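Enquirer: The sequence shown begins at 2 in this note's numbering and counts up one residue at a time.
Have a look at the structure that comes next, please.
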Amino acid sequence: MSGASRFYGVCFFGTTVLLAIAGWLELNGFLSDNAVRLWSKAILQMDGPPGFRSSEALYPPLPFLASMILHSLIGANSIPVPTLFAAICGGVLAALAYQKLRDEADYARLTAVFLVALTILNPMFLFAISETPELATLCLGAWIFATGLTQLRQRGNAPDMMKVGLGLMIMGLSSTYGLLICLASIPFLALVVPPRMLMVSPLGTILAVVFPAICAVGSLLLISIIFDTPLVATQISADRQNSLASVLIAMLTAASAALLLVIVSRKSWSETVPLFAALGTFAGGMILDFHIGYLGDPVKTAAPLLILAPVSACLCAPKSLRGPIVVAIFAFSWVIGGALIVKSDQVDHDRWLSAVRGDLPKDFDVSQVAAFLKGEAGVLLDAERNPELVLALGGIDNLIVAGSPEFETVVLGGRPEHAFVVIKNDPEASANTGRLKRRFPEVASLTSHGYSLVFERGSWMVFERQFFLN
């Protein structure tokens, strides 16, 4: 089998396995809020009216662009596009790791398969990409970054610098957390770059590596200023129940395989510098996120550290029992990663574990609302603030959404003249900041326009027009 055929085969198999796991989670009612938001945003951007302009932050640009492309190919009534994109990234990551373990480290075929499987099926990795799909893109960038660091230290040529820069750019465009990782990488790059290059121009060398990320993020910043759109979400998701100790535990758990493999390999400090630089970069990103709170979950922020295990496995020179020892270390990392999530008391972790066990109840409220509105036309909805209903309806074909003249007229003070108005009246939900909710803050404000409440489930309220007012 040729190298290309093997790569595509492993990629396809890895993608299929991750899709099967995602399908099981969705069958049991689990589709994360981040995936729902990203998918709905892609639907609105591709299928919405010409005048639609998203009020949400530009980040994450790379997963959002990929979601739009996939949505244009498969539509809204098939596989959730953020889930599909995360699975594809995981499959590519599996193929890259398998290729490196086989070709560069000369592991046996079965051993390489076990190592790759224990990496992408690690519970911490599966939870991270299920809960926050853009982390799959970030982990792919982390792989390119880490492998680029090892080659840069060995050879120190321009293509290796470009590879490190590419990895930083992908991470920087994957999520706001990726920006923190890029920032944390700067002091560690000086450890990896060959001394002869630093002697010539230290500042120029570092800038050459980080230039792609700076250029890409700077371009997005310029776009956000021109179109008056926020670059990153201003509302952070930090959970202050997380302590620094929980961050350190997640950090050591995710990095355990890489650290143990360094000890087993018995390499010199100079040979392990790139690995420690990568560890320091991702650890620094975790510490920054702990203080800033873009992700607010140590398990999610620790996901890139898991990618360093296959990189570290390549440090182990071929010798007797190398395969069983490395597999045992990867298995140990898998077990403690699962134990960390099982022992956690966070709500997100419990929801994911419930879906894995097959006992997570579905959101019947939004399903019932969608069933009530099925086939109805002229439904006025703030789709940006209620993405779950957009997905439950299978698109926006019968909706009147932001960007259309009818919607804009109503939110600017005009009289609603549509068959239905849907509002989510949840005091703790972000929907209360939506334009339609601000326009009609109380039930009386709609009944005065000739509407009556005809359907209510949970916090969802559906109003139907009963008569015209003169």
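Glycine is no exception: its CB is placed at the ideal position from the N, C-alpha and C atoms.
Since we're looking at a predicted model, the values are computed, not measured.
Hey, how far is the Cα of Ala284 from the Cα of Glu27?
Expert: Stepping through the sequence shown from its first residue, residue 284 is reached at position 283. Stepping through the sequence shown from its first residue, residue 27 is reached at position 26. Taking the straight line from one Cα to the other gives about 31 Å.
Enquirer: Residue range of the alpha helix (DSSP H) that Arg440 falls in?
Expert: Working through the sequence shown from its first residue, we reach residue 440 at position 439. That run of the alpha helix (DSSP H) goes 436 to 440.
Enquirer: Between Ala420 and Arg458, is the Cβ-Cβ spacing less than 9 Å?
Expert: Start at 1 with the first residue of the sequence shown, and residue 420 comes out as number 419. Start at 1 with the first residue of the sequence shown, and residue 458 comes out as number 457. Taking 9 Å as the Cβ cut-off, Ala420 and Arg458 do not qualify as a contacting pair.
Enquirer: Exposed or buried, which one is Asn471 when buried takes at least 16 other CB atoms within 10 Å?
Expert: If you number the sequence shown from 1, residue 471 lands on position 470. Note that Asn471 scores 49 on pLDDT, short of 50, meaning its location in the model is unreliable and no value can be drawn from it.
Enquirer: Please return the same chain residues whose Cβ sits closer than 8 Å to the Cβ of Ile342, not counting the five positions on each side in sequence.
Expert: One-based indexing of the sequence shown puts residue 342 at position 341. Answer for Ile342: Pro124, Met125, Phe128, Val300, His350, Trp353, Leu354, listed in chain order.
Enquirer: Which residue's Cα is closest to the Cα of Gly166: Met198, Ser176, Cys216, Pro195?
Expert: Locating residue 166 in the sequence shown gives position 165, counting from the first residue. Ranking the options by Cα distance to Gly166, first place goes to Cys216.
Enquirer: Note down, in chain order, each residue of its chain lying with its Cβ closer than 6 Å to the Cβ of Leu260, except the 5 sequence neighbours on either side.
Expert: What you label residue 260 is simply residue 259 of the sequence shown in a count that begins at 1. So the list is empty, once near-sequence residues are dropped.
Enquirer: Is the number of C-beta pairs between the stretch 394 to 410 and the stretch 47 to 65 that are closer than 8 Å three or more?
Expert: Flag = yes, the stretch 394 to 410 and the stretch 47 to 65 touch.
Enquirer: At what residues does the beta strand (DSSP E) containing Tyr452 begin and finish?
Expert: Position 451 of the sequence shown, counting from 1, holds the residue named residue 452. Looking at the DSSP string, the run of the beta strand (DSSP E) that includes Tyr452 is 452 to 458.
Enquirer: Just to confirm my understanding: we take Arg38, look at its own chain, exclude 5 residues before and 5 after, and list those with CB closer than 7 Å. What are they?
Expert: As a working mapping, residue 38 is identified with position 37 in the sequence shown. Cβ within range, chain order: Pro388.
Enquirer: Apart from the five residues on each side of it in sequence, which residues of its chain come closer than 6 Å, Cβ to Cβ, to Ala137?
Expert: In the sequence shown, the residue the question calls residue 137 occupies position 136. These residues qualify, in order along the chain: Ala87, Cys90, Gly91, Ile130.
Enquirer: Is it the case that the Cβ atoms of Ala384 and Ser41 are separated by a distance below 9 Å?
Expert: For this step, residue 384 is matched to residue 383 along the sequence shown. For this step, residue 41 is matched to residue 40 along the sequence shown. Yes. Within cutoff.
Enquirer: So what does DSSP say about Leu374, is it helix, strand or coil?
Expert: Working through the sequence shown from its first residue, we reach residue 374 at position 373. Correct three-state label for Leu374: helix.
Enquirer: Can you give the Cα-Cα distance for Ala209 and Ser271, rounded to whole angstroms?
Expert: On the sequence shown, residue 209 is found 208 positions in, with the first residue counted as 1. On the sequence shown, residue 271 is found 270 positions in, with the first residue counted as 1. Approximately 23 Å, taken between the alpha carbons.
Enquirer: May I have the straight-line CA-CA distance separating Tyr9 from Ala96, to the nearest angstrom?
Expert: The residue you call residue 9 lines up with position 8 of the sequence shown. The residue you call residue 96 lines up with position 95 of the sequence shown. Looking at the two C-alpha atoms, the distance is approximately 7 Å.
Enquirer: To which residues of the same chain is Ile187 closer than 7 Å at the C-beta, ignoring the five residues directly before and after it?
Expert: Counted from its first residue, the sequence shown places residue 187 at position 186. Excluding residues within five positions, the ones whose Cβ falls inside 7 Å are Ile207, Val211.
Enquirer: Mind checking Thr410: buried by the 16 CB within 10 Å criterion, or exposed?
Expert: If you number the sequence shown from 1, residue 410 lands on position 409. Exposed.
Enquirer: Short of 6 Å in beta carbon distance, which residues of its chain neighbour Ser405, apart from the five on each side in sequence? Order them along the chain.
Expert: Looking up residue 405 in the sequence shown gives position 404. For Ser405, where only same-chain residues beyond five positions count, the Cβ hits under 6 Å are Pro50.
Enquirer: From Phe408, Pro417, Leu181, pick the residue whose C-alpha is nearest to that of His292; which is it?
Expert: Taking the first residue of the sequence shown as position 1, residue 292 is located at position 291. Of Phe408, Pro417, Leu181, the residue nearest in Cα terms is Leu181.
Enquirer: So, at 7 Å on beta carbons, what are the nonlocal neighbours of Leu43 in its own chain, with the 5 sequence-adjacent residues on each side left out?
Expert: For the purposes of this step, residue 43 is identified with residue 42 of the sequence shown, where counting begins at 1. The sequence given here places Ala at residue 43; Leu does not occur at that position. Within the same chain, Ala43 has close Cβ partners Phe65, Ser68, Met69, His72, Val82.
Enquirer: Taking all protein chains shown into account, decide if Trp25 is buried (16 or more other Cβ within 10 angstroms of its Cβ) or exposed.
Expert: Within the sequence shown, numbered from 1, the residue matching residue 25 stands at position 24. Exposed.
Enquirer: Could you tell me which of Gly149, Ala256, Tyr178, Val402 sits nearest to Leu309, measuring between CA atoms?
Expert: Residue mapping note: residue 309 aligns to position 308 of the sequence shown, counting from 1. Taking only the C-alpha atoms, the option nearest Leu309 is Ala256.
Enquirer: With a threshold of 16 other CB atoms inside 10 Å of the CB of Phe146, please say whether the residue is buried or exposed.
Expert: Walking along the sequence shown from the start, residue 146 turns up at place 145. Classification for Phe146: buried.
Enquirer: Buried or exposed: where does Lys438 fall if 16 or more other Cβ atoms within 10 Å of its Cβ makes it buried?
Expert: Looking up residue 438 in the sequence shown gives position 437. Buried: at least 16 other Cβ atoms inside 10 Å.
Enquirer: Between which residues of its own chain and Gly475 is the CB-CB distance below 6 Å, once the five residues before and five after are set aside?
Expert: Residue 475 lies beyond the residue range present for the chain, which begins at 2 and ends at 471; the question has no answer from this structure.
Enquirer: Is Met200 buried or exposed, if buried means 16 or more other CB atoms sit within 10 Å of its CB?
Expert: As a working mapping, residue 200 is identified with position 199 in the sequence shown. Exposed is the call here.
Enquirer: What residues match up with Val411 in a beta bridge as DSSP calls it?
Expert: Indexing the sequence shown from 1 puts residue 411 at position 410. Per DSSP, none; premise fails for Val411.
Enquirer: Quick one: using the 10 Å Cβ neighbour count with 16 as the cut-off for buried, is Asn78 buried or exposed?
Expert: On the sequence shown, position 77 is the one that residue 78 refers to. Looking at its Cβ environment, which holds fewer than 16 other Cβ atoms inside 10 Å, Asn78 is exposed.
Enquirer: Beta-carbon separation of Leu374 and Val422 under 9 Å?
Expert: Numbered from its first residue, the sequence shown carries residue 374 at position 373. Numbered from its first residue, the sequence shown carries residue 422 at position 421. Their beta carbons are not under 9 Å apart, which means Leu374 does not touch Val422 by this criterion.
Enquirer: Within 10 angstroms of the Cβ of Ala432, are there 16 or more other Cβ atoms? Answer buried if so, exposed if not.
Expert: Locating residue 432 in the sequence shown gives position 431, counting from the first residue. Model confidence at Ala432 stands at a pLDDT of 43, short of 50, so the residue's coordinates are unreliable; what they give is reported in the following sentence. Looking at its Cβ environment, which holds 16 or more other Cβ atoms inside 10 Å, Ala432 is buried.
Enquirer: Taking the beta carbon of Asp298 as the centre, do at least 16 other beta carbons fall within 10 Å, making it buried, or is it exposed?
Expert: Translated into the one-based positions of the sequence shown, residue 298 becomes position 297. Burial call: buried.
Enquirer: Let me know the secondary structure DSSP gives Ile397 once reduced to three states.
Expert: On the sequence shown, residue 397 is found 396 positions in, with the first residue counted as 1. Of the three classes helix, strand and coil, the one that applies to Ile397 here is coil, per DSSP.
Enquirer: I'd like the list of long-range same chain contacts for Val114, defined as Cβ closer than 6 Å, with 5 residues on each side in sequence excluded.
Expert: Sequence index remark: in the sequence shown, residue 114 carries index 113 (1-based). Result list for Val114: empty, nothing under 6 Å.
Enquirer: Rounded to the nearest angstrom, what separates Asn158 and Pro203 at their Cα positions?
Expert: In the sequence shown, the residue the question calls residue 158 occupies position 157. In the sequence shown, the residue the question calls residue 203 occupies position 202. C-alpha separation (whole angstroms): 15 Å.
Enquirer: So, are the CB atoms of Thr302 and Ala246 less than 9 Å apart?
Expert: Position 301 of the sequence shown, counted from the start, is the residue given in the question as residue 302. Position 245 of the sequence shown, counted from the start, is the residue given in the question as residue 246. No; because the gap between Cβ atoms is not below 9 Å, this pair is not in contact.
Enquirer: Can you name the start and end residues of the beta strand (DSSP E) that Phe146 belongs to?
Expert: Residue 146 sits at position 145 when you count from the first residue of the sequence shown. Where Phe146 is concerned, there is no enclosing beta strand (DSSP E), although the alpha helix (DSSP H) it sits in stretches over 135 to 155.
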